[in-house]
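Note that numbering that gives the first Met the number 0 has the sequence shown beginning at 0, numbered continuously upward.
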Amino acid sequence: MQYQTTSANPVRRRSACAIVGVFKDGKFGAAAAAFDDASRGALTRLVKDGEVTGAAGEAHLIPAPEGIAAARVLVVGCGPRDRFDDKAYRAAVSAAVARLSRTRLKDAMWTLSADGVDGVDPYYLGRQSAETAAAAVYRFDEQKGKTAGPKVRLETITAIADTRASANRLLEGLRDGDGVAAGIRFTRDLANRSPNVCHPTHMAQEARRLAARHKRLEVEILSAAQMKKLGMGALLSVAQGSEQPPRLIVLRYRGAAASQAPVVLVGKAITFDTGGISLKPPPNMDEMKFDMGGGGAVLGTLAAIAELGPKTNVIGVVPACENMPSGRATRPGDIVTSMSGQTIEVLNTDAEGRMILCDALTYSRRFKPAAIVDVATLTGACVIALGNQYTAVFSHSDDLARSLLEAGDRVGDPAWRMPVNDEYGESLKSNFADFANVGAREGGSSVAAAFLSRFTEGLNWAHLDIAGSAWKGGREKGSTGRPVSLLTEFVLSRC
Ligand code: BES
Ligand code: MN
Ligand code: ZN
């Protein structure tokens with residue numbers, strides 16, 4: 000999408016369609032009031048007729064009344080005025096763009112940005128607008144025989160700001176948001192792709208394509224033989240049951256001097272999780288194609304960062320493999336040696352995410368990270384605890400946890416802090432190895448985090464469990480692209 004901003008009077012600006020917001024019970028903000036005045040009460044009449052109520056989600060497309068320079072007016076419902084927060088703002092963007100995507104209109108003018116949202120800087124209004132608009136037109140139909148529905152025609156959006164200064168901030172936000180949206184799209188496409196297509200080698204190829212597109216990105220792909228040399232016994236124990244070879248993808252973004260310590264993002268990429276010999280039950284097992292969501296989000300974040308070009312260093316480390324049962328698969332009871340030297344008794348082969356992450360975390364020490372954040376669809380317990388609203392954040396560092404939570408809040412990709420300490424690790428005790436890969440069921444997400452913390456001693460580390468936030472089930476089944484937006488904002492906020 001192309002974006003422009005202006006602080007000129009929207010009433011007198013020509014465009015194919017002016018988008019005007021009306022609040023619940025027909026209340027007008029400043030922009031709507033201006034349109035109503037200029038059109039001698041045309042909006043007021045629509046409200047009186049009961050055609051427009053201002054309820055959230057409402058969208059009426061009408062020919063522009065006399066007095067308005069635009070050709071059409073799209074009236075979108077914004078819900079109660081006193082509850083108009085960034086979430087309601089995003090819902091209005093979504094409703095407007097969804098309505099326009101069913102037309103052939105190529106350009107539109109967005110006026111709600113002039114009214115703004117209390118407490119939200121115009122930059123973040125822009126970020127959220129662009130990300131939401133992109134999400135509203137996202138389709139995944141590359142694996143359908145006949146593509147459903149017409150192509151989206153909307154190309155240009157002009158957003159109105161109240162002052163010159165805020166028009167500039169708004170434009171910055173819209174452009175950055177559009178770059179982040181490209182990263183989110185990349186992540187969603189990767190995760191939505193069927194698991195026979197999106198396997199570890201495919202993910203590695205996609206990382207290579209990203210690196211070929213952006214000159215500040217560099218990629219290195221490690222093979223099973225290289226992992227073996229490095230002593231990654233935990234990662235390889237997961238991969239060994241599959242016909243698909245594992246890959247360790249290292250994608251580096253160089254935006255600052257090599258002397259500046261990087262942020263390292265580590266993403267779990269199980270391209271399909273059957274559970275292994277500890278086989279999962281059939282219902283919804285197809286959704287385990289999304290178990291590469293952490294790795295997908297890390298690659299998508301690097302894609303977004305490369306678009307935005309900040310002066311900082313970021314490295315993505317993505318262990319990718321399949322978790323399959325077979326004659327060569329790891330058995331419950333097998334003991335493996337991780338790259339850290341610690342031995343692990345595999346009591347449940349379905350707790351595979353932590354097995355691949357622990358070696359990827361140990362590997363990442365070589366980059367001497369300023370901060371290291373792993374991202375994983377790690378535990379079903381996290382879905383039970385937080386649903387799909389929040390990403391879970393685990394960290395020993397209050398500062399790191401806070402900056403992740405705040406980053407998520409600013410961009411509408413929210414996270415919630417959960418506890419991690421070694422009390423949760425006590426149940427990982429093993430009679431035969433240094434510890435086991437599973438412990439108590441109770442507090443399962445924190446037990447998994449405690450497992451990982453045994454490999455992050457001395458690092459400025461946080462763990463994000465995205466088992467709930469990375470995808471939606473049911474009728475709207477599909478990847479959400481979270482937490483690309485949070486991670487990108489986190490990286491930008493450190494510059
Ligand atoms: N990928 C799953 C976690 C998951 C489950 C994410 C459901 C989203 C929805 C992970 O590999 C897993 O199987 N975890 C087990 C761990 C258990 C064996 C300790 C789980 O949560 O049941
Ligand atoms: Mn599993
Ligand atoms: Zn898994």
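Just so it is clear, CB atoms sit at the ideal spot from N, CA and C, and this is done for glycine as well. On a predicted model such as this, the values are computed, not experimentally measured, just so you know.
- In its own chain, which residues sit with a C-beta less than 7 Å from the C-beta of Arg-103, not counting the 5 before and 5 after it? Correct list, in chain order: Arg-152.
- Item | Nearest neighbour of Leu-301, chosen from Val-46, Gln-1, Leu-486 and Arg-89 [CA to CA] | Leu-486
- Given Ala-233 as reference, the closest of Ser-445, Arg-11 and Ile-334 once Cα atoms are compared: Ile-334
- Message: How far does the alpha helix (DSSP H) with Arg-212 in it extend, from its first residue to its last?
- Response: 199-212
- Item | For Gly-315, three-class secondary structure by DSSP | strand
- Query: Assuming Ser-236 and Thr-361 make a contact with CB atoms under 8 Å, what is their CB distance in whole Å?
  - Reply: Going by Cβ atoms, the distance from Ser-236 to Thr-361 rounds to 14 Å, so no, they are not a contact pair.
- Task: My understanding is that Thr-52 touches Leu-173, with C-beta atoms under 8 Å, so please give their C-beta distance in whole angstroms.
- Result: That belief does not hold up - the Cβ atoms of Thr-52 and Leu-173 are roughly 29 Å apart, past 8 Å.
- Message: Does Phe-34 come out as helix, strand or coil in the three-state DSSP assignment?
- Response: helix
- Item | Contact shell at 5 Å, judged by CB to any heavy atom of the ligand ZN, ordered along the chain | Ile-269, Asp-272, Asp-290 and Gly-352
- Message: Taking the alpha-carbon of Ala-160 as reference, which of Arg-138, Arg-192, Ala-41 and Met-108 has the nearest alpha-carbon?
- Response: Met-108
- Excluding five sequence neighbours on each side, which residues of the same chain lie with their C-beta closer than 8 Å to the C-beta of Ala-496? Shown here, the chain extends from 0 to 494; a query on residue 496 therefore has no answer.
- Message: Check whether the segment 109-129 and the segment 84-93 are in contact - that is, three or more C-beta pairs closer than 8 Å.
- Response: yes
- Pull up the distance between the alpha-carbon of Gly-326 and that of Ser-241, whole angstroms please. In a straight line, the C-alpha of Gly-326 is about 10 Å away from that of Ser-241.
- Task: Can you tell me the Cβ-Cβ gap for Leu-221 and Pro-368, rounded? I've got them flagged as a contact below 8 Å.
- Result: Actually they are not in contact, since the Cβ atoms of Leu-221 and Pro-368 sit about 18 Å apart, beyond 8 Å.
- Flag this pair as yes or no: are the beta carbons of Ala-202 and Arg-251 separated by less than 8 Å? Note on residue identity: the sequence assigns Met, not Ala, to residue 202. No, these two residues do not count as a Cβ contact at 8 Å.
- Check each candidate in Thr-162, Met-287 and Gln-1 and name the one with the smallest Cα separation from Ala-133. Gln-1
- Item | Segment limits, alpha helix (DSSP H) that includes Tyr-88 | 85-99
- Task: Compute the beta-carbon to beta-carbon distance between Val-437 and Asn-347, rounded to the nearest angstrom, for a pair I have assumed lies under 8 Å.
- Result: 5 Å
- Query: Using 8 Å as the threshold, is the segment 11-31 in touch with the segment 71-79, meaning 3 or more CB pairs across them?
  - Reply: Segment contact: the segment 11-31 against the segment 71-79, three or more CB-CB distances shorter than 8 Å; contact assigned.
- Which residues share a DSSP beta bridge with Leu-463? DSSP lists Val-374 and Val-392 as partners of Leu-463.
- Message: Using only CA atoms, which one of Leu-385, Leu-124 and Gly-254 lies nearest to Leu-307?
- Response: For the residues Leu-385, Leu-124 and Gly-254, the minimum Cα distance to Leu-307 belongs to Gly-254.
- Task: Return yes when at least one heavy atom of the ligand BES lies under 7 Å from the C-beta of Gly-442, else no.
- Result: No; taking the cut-off as 7 Å, the Cβ of Gly-442 has no heavy atom of the ligand BES nearer than that.
- Message: What residue range does the beta strand (DSSP E) around Gln-3 cover?
- Response: 1-5
- Thinking C-beta only, is Gly-28 closer than 8 Å to Phe-22? Yes; because the gap between Cβ atoms is below 8 Å, this pair is in contact.
- Who does Asp-48 pair with in a DSSP beta bridge? None, per the DSSP bridge assignment.
- Message: What does the alpha-carbon distance come out to for the pair Tyr-122 and Ser-165?
- Response: Distance between the alpha carbons of Tyr-122 and Ser-165: 8 Å.
- Nearest neighbour of Phe-434, chosen from His-59, Leu-124, Ser-100 and Ala-449 [CA to CA]: Ala-449
- Message: Extract the residue ranges of the alpha helix (DSSP H) inside the segment 223-270, only unbroken runs of 4 or more that lie entirely within it.
- Response: 223-229 and 232-238
- Task: Give every residue of the same chain whose Cβ lies closer than 7 Å to the Cβ of Arg-416, excluding the five residues on either side of it in the sequence, and list them in chain order.
- Result: Val-392, Ala-400 and Leu-404
- Let me know if Gln-225 comes out buried or exposed under the rule of 16 or more other beta-carbons within 10 Å of its beta-carbon. Around the beta carbon of Gln-225, fewer than 16 other beta carbons lie within 10 angstroms, which makes this residue exposed.
- Which residues bound the alpha helix (DSSP H) around Ile-304? 292-307 is the span of the alpha helix (DSSP H), which, as asked, contains Ile-304.
- What do you reckon, is the C-beta of Asp-577 under 7 Å from a heavy atom of the ligand MN? Because residue 577 is not part of the residues shown, which for the chain are 0 to 494, the question remains open.
- Task: Please classify Val-72: does DSSP put it in a helix, a strand, or coil?
- Result: Of the three classes helix, strand and coil, the one that applies to Val-72 here is strand, per DSSP.
- Supposed contact pair Val-46 and Glu-57 - C-beta distance, whole angstroms, cut 8 Å: The Cβ separation is near 11 Å, so there is no contact.
- With respect to 7 Å, is the separation between the Cβ of Val-265 and the closest non-hydrogen atom of the ligand BES below this value? no
- Whole angstroms is fine: what's the gap from Gln-127's alpha carbon to Val-410's? Taking C-alpha positions only, Gln-127 is separated from Val-410 by approximately 6 Å.
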